[in-house]
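In terms of the numbering used here, the sequence shown opens at residue 21 and continues consecutively.
Note that CB positions come from ideal geometry on N, CA and C, so glycine has one too.
Following: one structure in structure tokens, then a few remarks.
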Amino acid sequence: PVIKSDPEKAMEDLRRYMDEKGETFDIVLFDLPGTLRSEGVVHTVSAMDYIFVPLKADNIVMQSSLQFAKVLEEELIAKGNCNLKGIRLFWNMVDRRGRKDLYDAWNRVIHRMGLRLLSSHIPNTLRYNREADTVCKGVFRSTLFPPDPRQEKGSGLPELVEEICPAIGLEESDTDR
């Protein structure tokens with residue numbers, strides 16, 4: 021199910037939904053603003069077990085994303101005053117024609133900061149731009165619907181899921197894909 025909520029009410033809305041429906045979930049995904057300044061983000065993030073931060077090789081995006089991850093790491097996880105067990109970064113919108121040296125340089129910065137970077141990445145492809153086209157058959161990039169299986173090849177999504185599952189303690193047998 022998809023539950024519409026605001027960051028400050030997300031946990032409350034999730035609990036209410038589970039109580040009303042009598043359901044529990046192994047995994048709950050939250051799509052939140054990428055800044056701690058948005059109202060309710062710190063509260064909601066501190067109640068989560070893991071955070072996965074998408075990165076884009078753009079100086080402003082990288083500075084913001086790394087600062088976000090580092091603050092959470094130092095202020096919440098290291099002090100042990102929240103549920104957070106870990107933060108993982110992953111490359112998103114990777115330009116295959118992009119400069120490898122740029123990604124290598126950012127990877128070194130991430131490593132020096134003591135942050136964890138997943139090895140899988142999501143490429144930037146034209147298929148995402150074509151989704152706005154009314155002729156397109158199936159939606160791939162959506163936080164509401166599962167990806168069209170015909171479009172999974174080369175997307176990096178199956179590899180990302182395979183890397184995330186053991187990172188959060190979810191065995192392959194626990195997933196029904």
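For a test of the three-state rule: what should DSSP assign to residue i, helix, strand or coil?
i: PHE45; result: coil
i: MET133; result: coil
i: ASN101; result: coil
i: VAL155; result: Residue confidence is low: VAL155 scores 49 on pLDDT, short of 50, so the model does not pin down where it sits. Its coordinate-derived value is still stated next. It is coil, neither helix nor strand.
i: MET38; result: helix
i: MET113; result: strand
i: PRO143; result: strand
i: ILE107; result: strand
i: LEU138; result: strand
i: ARG170; result: helix
i: SER25; result: coil
i: SER66; result: helix
i: GLU182; result: helix
i: VAL95; result: A small fix is needed here, since residue 95 is Glu in this sequence, not Val. Looking at GLU95 - three-state DSSP - the assignment turns out to be helix.
i: LEU199; result: Only positions 21 to 197 of the chain appear in this structure, which leaves residue 199 out of reach.
State buried or exposed for residue i, treating a residue as buried only when at least 16 other CB atoms are found within 10 Å of its CB.
i: GLU171; result: Rather than Glu, the amino acid found at residue 171 in this sequence is Gln. So GLN171 counts as buried.
i: ALA125; result: exposed
i: ASN112; result: buried
i: LYS85; result: The question names Lys, yet the displayed sequence has Ser at residue 85. Classification of SER85: buried, given that the 10 Å Cβ count is 16 or more.
i: LEU75; result: buried
i: VAL61; result: buried
i: VAL155; result: Because the pLDDT of VAL155 is 49, which lies under 50, any placement of that residue in the model is unreliable, and the question is left without a value.
i: THR64; result: buried
In the DSSP assignment, find the beta strand (DSSP E) that holds residue i and state where it starts and stops.
i: PHE72; result: 70-75
From which residue to which residue does the alpha helix (DSSP H) around residue i run?
i: LYS90; result: 79-92
i: PRO53; result: No alpha helix (DSSP H) contains PRO53, which DSSP labels as neither H nor E.
Please look up how many angstroms separate the CB atoms of residue i and residue j, rounded, as I've assumed it's under 8 Å.
i: ILE47; j: LEU190; result: 7 Å
i: GLY134; j: ALA77; result: Actually they do not touch by this definition, with Cβ atoms about 20 Å apart.
i: LEU180; j: PHE110; result: 6 Å
i: PRO27; j: LEU49; result: Going by Cβ atoms, the distance from PRO27 to LEU49 rounds to 14 Å, so no, they are not a contact pair.
Are three or more beta carbon pairs between the segment 60-73 and the segment 91-107 nearer than 8 Å? Under the 8 Å Cβ criterion, the segment 60-73 counts as touching the segment 91-107, having at least three qualifying pairs.
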